[in-house]
Structures are given as structure tokens and as C-alpha cells.
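Residue numbering for the sequence shown follows the working numbering, starting at 683 and increasing by one per position. The beta-carbon is built from N, C-alpha and C at its ideal position, and this holds for glycine as well. Keep in mind that this is a model prediction, so the values were computed, not measured. A short write-up of the structure that comes next.
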Amino acid sequence: MEEEMVSLGRRIKLIVSDIDGTLLNSKREVSKASMDVIWKSRDEGIMFSICTGRIATMTEYYTERLQIKTPIITANGAVIWDCVRKKSIFDVPMDTNEVIELLKMCKSLKLDYSALTLGTSYFSENSLRLNRFLEYNRFASDNGMSEMKLEFFDEEHHCMDGLKVYKVLIYEKELKKLKLMQDYINELPNTGFTSSEPGLIDVSEARVNKGYGLKKLAEHLGLKKEEICVFGDYDNDIPMLENAGFPVAMGNSCENLKEHASLVTKTNDEDGVAWAIRRYILG
């Protein structure tokens, strides 16, 4: 087992990590140990990137702190983002008509929902998710980073006219309503969904997931599947693990994800990403 992991690690030219619950610890920080290992990997010619459900603006603090130059995968694979030039190099927006119908359905059920474009996030009235974005903006402001523009939907969602939407987030604790929305989305021909945490549905264009984004990044960089190592912790990371030669699950991962991994590393609070890179890739 140990020799097999080392063999997989020696082929790696690109490391891609999820952010929340994976690269970040419970305090939402990147540890010094993780930063040191990422920089050492880069010194040895191994690229490092992130793959996240976040929109690009909400990754800026971490990409700057880690000095990431490789394009990153954002919005669950809908946008490949150039951190250096600060622009999209590949993106797949949602179907405009289906977005409007989806938002109307969310409103009729009085759900907590939001829609994300590249520069602005739109929220339903009294959204509990808004606080997380406000928290990030305070954090970004304190560290001299770009803030996400935050707006509320108007009554008929006319504010979305002509906009490219990359993700709709639906937050609902009542399982019956959540199941109703999942069934509704399954009937939309150009729209799909995943889940990044309990009670949360991440809705995107039907083809989009983290595995799709990883394949597009690999094509852009001219890499083969076996040259890529990935780290994840939740269900939405499964497609990413399925498209990497060295898929690693965090010790704090859901059990479903661990079944798709070649290796289960330590938890995010035990520097699991750094531990695995140091042991099996840097050797």
C-alpha cells in the first residue's frame, strides 16, 4: 500500500485542493505547514491549484496568500479563473430561462436562495446565507482584497436580465422542500445540482461539476489524469476525485467520498493536505 502511494505520488505534476473543510482548518485558515509544503512543491516544479464551489472573488485572499499562479477551478467547475490576469479563461453559465424559472420556484416556496455572477451575488429577502458573504467582505476589506458586490433580488427577478449566472445556491433545512426542489431541478434539461454541505443545494449548468472543471484545467495545462493529485472532503468533490490519478480524501470526509479515494489522509485540522504531499509526493 505504502509503495503504491509513493508510486502514484512520483508522477504528480499538478496538485488541486478543495478549500473549505480541506485546505482550510476549522478556523478557516491555511496553516503555515500547508503553505510551506505548497511552496516547496512549487520549488520542485509541481503546480498547485484550488477547486472550489466559491466564486473567484471569494478565493482571492487565499490565492494571494498562497501565491497561486496556476489557473483555479471555481463555482464547482463552471469557471476556470486566471488569478494573475484576474479574468475567466473558460466558463459555462447557466441557461438564462431556466435560471429565472428556478428563482421563481424558490420564491414561491419561500426558500433561502441566491444567484452568483462573476462580480455580484444576489440574495432573497432575509437570507441567512448573506451573513457568510458579509463576513467574507469584512475579512477581505481588512486584508486589502476585493469585496463581493451584494444585492437583493427585486420582486420579479428583473435584476437578472442579461446576466451570466454561474451558480444558484438553495439553503433549506426542511427535507421535504429540499427534495421538492431536487425533483424540480431534475426536470430542467440544462440544469443540474450537487451538494457542498447538509441542507445546501449548489445548482449549475447540467454538465458542470468539479470533475468537469478539472478536465478543462488539465486540457489547458496539457496534463494527463495520472499526473494530477486532488484533495476533497464532501460529495461535490467526488467527480474531481474520479478524474485524478491520485485522489485523496480528508480524514474528516464523508464516508461516501472516502470510497472514491486511493488514500485517506489526516483531517483538515491535522494538516492532512500537507501531510500527504510531504509523505507521498515530495517523498
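Counterpart residues of residue i in DSSP-defined beta bridges
i    : result
L851 : S796, D884
A931 : G914, V946
W763 : I754, S770
I732 : S699
Y804 : A797, E833
F875 : V885
Any non-hydrogen atom of the ligand PLP closer than 8 Å to residue i Cβ
i    : result
T802 : This structure lacks the ligand PLP; in fact it carries no ligand of any kind.
Test item: CB-CB of residue i and residue j under 9 Å
i    : j    : result
L989 : V912 : Outside the displayed range of the chain (683 to 965) lies residue 989, so it cannot be described from this structure.
I762 : K898 : yes
R693 : E952 : no
L748 : G927 : no
T873 : L784 : yes
I771 : Y848 : no
M740 : Y866 : no
Residues near residue i by beta carbon distance below 6 Å, same chain, minus five either side
i    : result
Y894 : G759
L945 : M687, V930
L896 : M922, N925
Residues near residue i in its chain [Cβ-Cβ closer than 7 Å; skip 5 each side]
i    : result
A966 : Summary: the structure shown does not reach residue 966, with the chain confined to residues 683 through 965, and so no result is reported for it.
I782 : H839, M842
R724 : F730
Chain-order list of residues whose beta-carbon lies under 8 Å from that of residue i (same chain, five-residue window excluded)
i    : result
T947 : F913, V930, A931, M932, G933, G954, V955, W957, A958
Y916 : D700, G703, S877, S878, E879, S935, C936, L939
S806 : C788, K789, L793, D794, Y795, S796, F834, F835
Notebook entry, point to check: Can you give, in chain order, each stretch of the beta strand (DSSP E) that sits fully within the segment 696 to 730 and has at least 3 residues?
Noted result: 696 to 699
Notebook entry, point to check: Is the segment 810 to 817 close to the segment 854 to 871, with three or more CB pairs under 8 Å?
Noted result: no
Next item on the list: Take every Cβ of the segment 873 to 881, pair it with every Cβ of the segment 789 to 797, and state whether three or more of those distances are shorter than 8 Å.
Entry: no
Item checked: the segment 689 to 698 in contact with the segment 718 to 732 per 3-pair CB rule at 8 Å -> yes
Check: Would you say the segment 834 to 846 touches the segment 749 to 758, given that touching needs at least three Cβ pairs under 8 Å?
Finding: no
Note to self: Taking contact to mean 3 or more Cβ pairs, one atom from each stretch, closer than 8 Å, check whether the segment 883 to 891 and the segment 900 to 908 are in contact.
What the structure shows: no
Checklist line | the segment 820 to 831 / the segment 794 to 809 touching (three or more Cβ pairs under 8 Å) | finding: yes
Notebook entry, point to check: If you pair each beta-carbon of the segment 765 to 785 with each one of the segment 819 to 827, do three or more pairs fall below 8 Å?
Noted result: no
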